[in-house]
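Colleague: So the protein sequences, as listed, match chains A and B.
According to numbering that gives the first Met the number 0, the first sequence holds residues 0 to 266 in order.
According to numbering that gives the first Met the number 0, the second sequence holds residues 0 to 257 in order.
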Amino acid sequence: MTAADTVASGNDGWARNRRRAWHIIQRWYSIPLLLTVWQLAVSAGILQSRLLPSPLAIGAVFLAQLSAGVLTYHAGVTFSRALAGFTLAMVSGLPFALAMARSAVWRNLFEPVFFVGYPVPKIALFPIFTYVFGFGSPSMVAFTALECLYPIVVTAYFAFGGVRSQLIWTAQNFGAGRATVLRRVVLPAALPGIFTGLRVALPLSIIIVVLIEMLGGSSGLGYYINIWSTRFAFANVYAGILMVGICGFVLDQILLLVRRLVVYWQV
Amino acid sequence: MKRGSAQILHWLVPMAALAAWEITARFGILPPYLSAPSLVLLALWETIRDGELVQALAPSVFRVALGFAIGTVTGIIGGLGAGLVPGLRNFFDPLVSLLYSVPKVAFLPVFLLLFGIGDVAKIAIIAFSGFFPVFVASRHAVASIDPHLVWIAKNMGAPPRAVFFRVIIPAAAPELFAGVRIGLAHAFVLLFAAELIGGSSGIGTLINAGEEWGRFDLMLAGVVCFALLGFGSDRILLLIRRRVLKGHLIGTQEQVLP
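1) Cα-Cα, which of A:183, A:259, A:162, A:100 is closest to residue 156 (chain A)?
2) Less than 8 Å between CB atoms is the rule here; does residue 211 (chain B) satisfy it with respect to chain A?
3) Given this structure, state the Cα-to-Cα distance separating residue 255 (chain B) from residue 159 (chain A), to the nearest angstrom.
4) Shorter than 8 Å from the beta carbon of residue 27 (chain A) to some beta carbon of chain B?
5) The alpha helix (DSSP H) with residue 221 (chain B) in it runs from where to where?
6) Going along chain A, which residues have a C-beta under 8 Å from residue 192 (chain B)?
7) Counting only beta-carbon separations shorter than 8 Å, does residue 257 (chain B) have a partner in chain A?
8) Around the Cβ of residue 258 (chain B), are there at least 16 other Cβ atoms within 10 angstroms (buried) or fewer (exposed)?
9) By how many angstroms is the C-alpha of residue 204 (chain A) removed from the C-alpha of residue 45 (chain A)?
10) With a threshold of 16 other CB atoms inside 10 Å of the CB of residue 265 (chain A), please say whether the residue is buried or exposed.
11) Among B:244, B:164, B:75, which has the Cα closest to the Cα of residue 178 (chain B)?
12) So, for residue 31 (chain B): in the same chain, excluding its five sequence neighbours on each side, which residues have a beta-carbon less than 7 Å away from its beta-carbon?
13) Name the chain C residues whose beta carbon is nearer than 8 Å to that of residue 218 (chain B)?
14) For the alpha helix (DSSP H) containing residue 237 (chain A), list its first residue and its last residue.
15) What are the uninterrupted segments assigned as beta strand (DSSP E) that are 3 or more residues long and contained completely in the region 105-131 of chain B, given in chain order?
16) Which residue's Cα is closest to the Cα of residue 118 (chain B): B:210, B:64, B:29?
17) Any beta carbon of chain B sitting closer than 8 Å to that of residue 152 (chain A)?
18) Less than 8 Å between the C-beta atoms of residue 100 (chain B) and residue 31 (chain A), yes or no?
19) Against residue 196 (chain B), what residues of chain A qualify as contacts under a CB-to-CB distance less than 8 Å, listed in chain order?
20) Looking at C-alpha atoms only, which residue of A:81, A:107, A:39, A:169 is the closest neighbour of residue 250 (chain A)?
21) Just to make sure I have the definition right: I need the residues of chain A whose C-beta is within less than 8 Å of the C-beta of residue 94 (chain B). Which are they?
22) Please list, in chain order, the chain A residues whose beta carbon lies closer than 7 Å to that of residue 35 (chain B).
23) Over the uninterrupted alpha helix (DSSP H) stretch that includes residue 18 (chain A), give me the two end residues.
24) Hey, is residue 156 (chain A)'s beta-carbon within less than 8 Å of any beta-carbon in chain B?
25) Looking at the structure shown, is residue 125 (chain A) part of a helix, part of a strand, or coil, going by DSSP?
26) Which whole-angstrom value describes the C-beta separation of residue 83 (chain A) and residue 140 (chain A), a residue pair presumed to lie in contact below a C-beta threshold of 8 Å?
27) Quick one: what does DSSP say residue 264 (chain A) is sitting in, helix, strand or coil?
28) Locate the alpha helix (DSSP H) running through residue 86 (chain B), then write down its first and last residues.
29) With the cut-off set at 8 Å, would you say residue 102 (chain A) and residue 148 (chain A) are in Cβ contact?
30) Whose C-beta lies closer than 6 Å to the C-beta of residue 140 (chain B) among residues of the same chain, with five residues either side of it excluded?
31) Mind checking residue 169 (chain A): buried by the 16 CB within 10 Å criterion, or exposed?
32) Alpha carbon to alpha carbon, what distance is there between residue 263 (chain A) and residue 234 (chain A)?
33) Taking Cβ to Cβ, would you say residue 131 (chain B) is nearer than 8 Å to residue 98 (chain B)?
34) Which class does residue 208 (chain B) belong to by DSSP, given the choice of helix, strand or coil?
35) What three-state label does DSSP hand residue 51 (chain A) in the structure shown?
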């Protein structure tokens with residue numbers, strides 16, 4: 000045992016705390032470092048651009064807009080649109096994927112629609128959507144649902160199809176009916192795969208909603224960012240971007256939480 | 000189910016939809032902005048004949064290809080670096096996790112004002128958005144490589160270069176391609192948005208022009224073109240992947256994935 004080890008074991012708690020603090024600093028130093036450099040560069044006048052206000056200025060605007068309720072309002076609009084589109088896609092897509100996985104007719108009918116359509120950038124259909132549904136919330140929700148539908152259906156289809164037949168046979172052998180097999184065997188076995196697709200679709204929903212709001216909305220964070228950028232108020236633009244990021248982060252965390260509750264047997 | 004009837008079913012839904020669209024459009028039941036598919040095809044042919052299509056396609060393809068290439072290459076280099084070097088990992092991880100959840104479209108107005116409405120802004124935003132999925136995928140791929148593989152190679156006396164190119168890259172490749180594919184899909188979303196918001200040429204502009212002139216067949220022809228462009232790029236990527244990952248995909252779900 001070396002001298003250093005003896006000292007370390009002598010005041011063990013203190014050393015461990017210091018190691019943990021050092022570890023946290025090592026893991027997270029880059030964000031405060033960059034923010035400080037950025038702030039100093041702006042304060043020292045090296046970075047003089049209306050396009051890049053200092054982090055403190057952005058933070059001040061963010062807090063002011065947040066407490067004034069402006070950002071929370073727009074965030075609420077964007078959040079609910081994204082969630083509505085996503086939920087619509089999930090509710091309509093999962094039964095569809097199940098039907099495709101369980102029935103040959105459905106599979107043959109709709110496989111090409113989903114497999115060929117999967118890599119097509121659905122955003123191209125956006126002009127048609129604006130004509131059919133207008134620019135309001137229904138249009139955005141419908142379009143978001145369409146975008147989310149593809150990853151959800153394709154991954155869920157593989158998840159349902161990948162359920163081992165032995166599991167189903169065993170359940171049937173024990174006298175389980177169709178509904179029981181579905182609820183107790185197929186669904187739980189497919190859930191981890193389904194959540195993979197949901198996790199792909201969820202950020203997509205925010206992207207699409209923000210984009211459409213930018214192109215022609217009258218509320219929501221995309222609109223907020225767009226309108227302040229035309230007024231060259233970039234502290235507000237960055238505050239809006241920050242809020243979008245928070246929305247995306249919160250949605251993802253909610254999904255992860257739900258997954259942990261639903262797929263509790265998989266860590 | 001017999002193969003023949005399966006083939007019929009495959010074509011049934013798209014064909015029925017097209018036929019219904021054509022008939023209802025012909026009888027004037029559909030609103031004018033949904034031109035009949037035959038008219039859209041005619042408009043497409045018209046744009047091909049007088050070179051308008053090539054003129055619109057060239058800048059779009061250039062932007063998406065260059066932006067996607069920059070984003071992918073920097074993403075792979077950054078991701079592999081972060082996966083292999085703890086110092087880089089500690090620096091990049093917090094930044095990437097901070098920016099990853101922000102839809103990159105939100106930065107579009109900033110990029111347009113920063114770089115002007117020319118090609119640079121569009122290429123930059125496509126590269127910016129492509130970087131993140133590729134970075135995350137390649138970083139995760141490297142981190143989750145079975146360490147035994149690396150140990151065995153080292154034990155056999157493989158130099159670091161060989162370990163990198165013969166063990167780490169091949170082992171990381173499948174996941175890497177998944178990230179690249181997501182990046183490609185996002186690239187087209189951003190291309191469309193950038194051309195529609197700050198466009199002066201390209202497919203997005205063709206769509207816009209068709210809309211403004213009330214030439215809805217032209218607008219839809221642009222939409223079809225854009226869709227085909229995205230679809231074609233994805234197919235090319237899958238072809239490349241199939242060549243690169245020869246042997247990796249046997250027996251996996253990926254083998255049958257569209």
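Positions of the beta carbon are idealized from the N, C-alpha and C atoms, including for glycine.
Modeller: In this structure, then:
1) A:100
2) no
3) Here residue 255 (chain B) scores only 46 on pLDDT, less than 50, and its place in the model should not be relied on; the value that follows carries that caveat. About 15 Å.
4) yes
5) 215-243
6) 122, 210, 213, 214
7) With a pLDDT of only 45 at residue 257 (chain B), under the threshold of 50, the placement of this residue in the model should not be trusted; the figure read from the coordinates follows. So yes, residue 257 (chain B) belongs to the interface.
8) Chain B is shown only over 0 to 257; residue 258 (chain B) falls outside these bounds and no answer can be derived.
9) 38 Å
10) exposed
11) B:75
12) 215
13) Protein chains A and B are contained in the structure displayed, whereas chain C is not.
14) 233-261
15) none
16) B:64
17) no
18) no
19) 213, 214
20) A:81
21) 29, 30, 33
22) Those do not exist, as residue 35 (chain B) stays about 14 Å from chain A at its closest Cβ, beyond 7 Å.
23) 11-27
24) no
25) helix
26) 5 Å
27) coil
28) 85-99
29) no
30) 171, 174, 175
31) exposed
32) 42 Å
33) yes
34) helix
35) coil
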